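In the numbering used here, each residue carries its 1-based index in the sequence shown increased by 19. Each residue gets a CB set at the ideal place from its N, CA and C atoms; glycine is no exception. Owing to the predicted nature of the structure, the values given are computational and were not obtained by experimental measurement. First comes the structure, then the notes that go with it.
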Amino acid sequence: MKNGLSLAEVSKQVGDARLSRYLMQIPDQAYAYLKDIADSYTRRRELISLTKMNTFIFGNGSRTGFAGTEPDFLKLLKQITEEETEIQKIRFIKEMSLSKDVWSLYQRHGTSLKLLTVDFRKVNQPSLRREIQYFLKVRFSGHIRFSDRSHLSIFDAANRLCEMDDHIRYFSDIDYMDVKKMQLSLENEMDQSKIMTMFSACRTLYHYLYSDENDSRLP
């Protein structure tokens, strides 16, 4: 228990119900054990749930609220899970690290959270990737609309422009002819609505880059 390991093997020997009773005979240790498990989900940015907690402790064959569950144990398990859920609602939404290439962003959805994964490794040019990171940190600092996939259009545009002109290192290197070439290329591949979406997303990015909000520290 001190190492926060699963008790599934113990449960196989004595049964789930008896194990839950044993745990409540040492309430302080049981509380610390459950808190450590709950915290581990937050540390690795994984959404916690009552089912996940129960399965980790007792094993895959166990169900939450199984027959014979010690009532005080179930109450404690629910309490700790709910407390950690509230912690995740705050911490998960606010954490956007510029040092990480993959962001796991969460939005409140009723009483739960929804996940949006932003993988900056999809942008091939590192310097463009960093500019986009700064932009999205500002964009996602408020309400995150999970139906909004405009960042994927920006990723696509950045890679296309670099393929056409390998001298591009920053968005400030892109000129009118680069944009025109990309537009002509896109017209052979996708419909106008998708092209409009891409250009609209890029326009929003450029408004940021040329605004006082830009903290990307261009050379």
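Residue i classed as buried or exposed, judged by whether at least 16 other C-beta atoms fall within 10 angstroms
i	result
Asn143	exposed
Ile151	buried
Thr104	buried
Leu203	exposed
Thr70	exposed
Ser230	exposed
Tyr195	exposed
Ile45	exposed
Val29	buried
Ser39	buried
Ser172	buried
C-alpha distance - residue i paired with residue j, whole-angstrom precision
i	j	result
Arg110	Ser123	11 Å
Lys21	Lys133	32 Å
Leu86	Gly34	Residue identity differs from the one stated: residue 86 is Ala in this sequence, not Leu. Computed Cα separation, rounded: 11 Å.
Glu232	Ser118	19 Å
Ile106	Tyr153	25 Å
Tyr189	Ser160	23 Å
Ile187	Arg179	11 Å
Lys213	Ala177	15 Å
Lys156	Lys97	34 Å
His170	Gln32	51 Å
Met201	Val121	27 Å
Lys199	Arg222	14 Å
Glu208	Gln126	33 Å
Ala219	Thr74	Looking at the sequence itself, residue 219 is Ser, so the reference to Ala does not match. Their Cα atoms are separated by approximately 46 Å.
Gly84	Asp210	53 Å
Pro238	Ser116	The predicted position of Pro238 is uncertain, since its pLDDT is 48 and thus under 50; no value can be drawn from it.
Integer-rounded CB distance, given that residue j should sit under 8 Å from residue i
i	j	result
Asp175	Met217	7 Å
Tyr60	Gly23	Contact doesn't hold; Cβ gap of about 11 Å is too wide.
Asn27	Leu95	Just to set this straight, residue 27 is Ala in the shown sequence, not Asn. Contact doesn't hold; Cβ gap of about 19 Å is too wide.
Ser25	Ile67	Their Cβ separation, rounded to whole angstroms, is 15 Å, which puts Ser25 and Ile67 out of contact at 8 Å.
Thr88	Ala57	Not confirmed; about 18 Å, so no contact.
Span of the alpha helix (DSSP H), counted from its first residue to its last, around residue i
i	result
Leu155	145 to 158
Val198	195 to 206
Asn73	69 to 77
Asp58	46 to 62
Phe174	169 to 183
Phe218	211 to 228
Arg37	35 to 42
Residue i at chain B interface by Cβ criterion, 8 Å
i	result
Tyr195	Protein chain content of the structure displayed is limited to a single chain, and chain B is not contained in it.
Secondary structure of residue i, DSSP reduced to three states
i	result
Gln126	strand
Val29	helix
Pro238	Confidence at Pro238 is low in this model, with a pLDDT of 48, below 50, so the placement of that residue should be treated as unreliable; the coordinate-derived value is given next. Pro238: coil per DSSP, three-state reduction.
Span of the beta strand (DSSP E), counted from its first residue to its last, around residue i
i	result
Asp138	131 to 138
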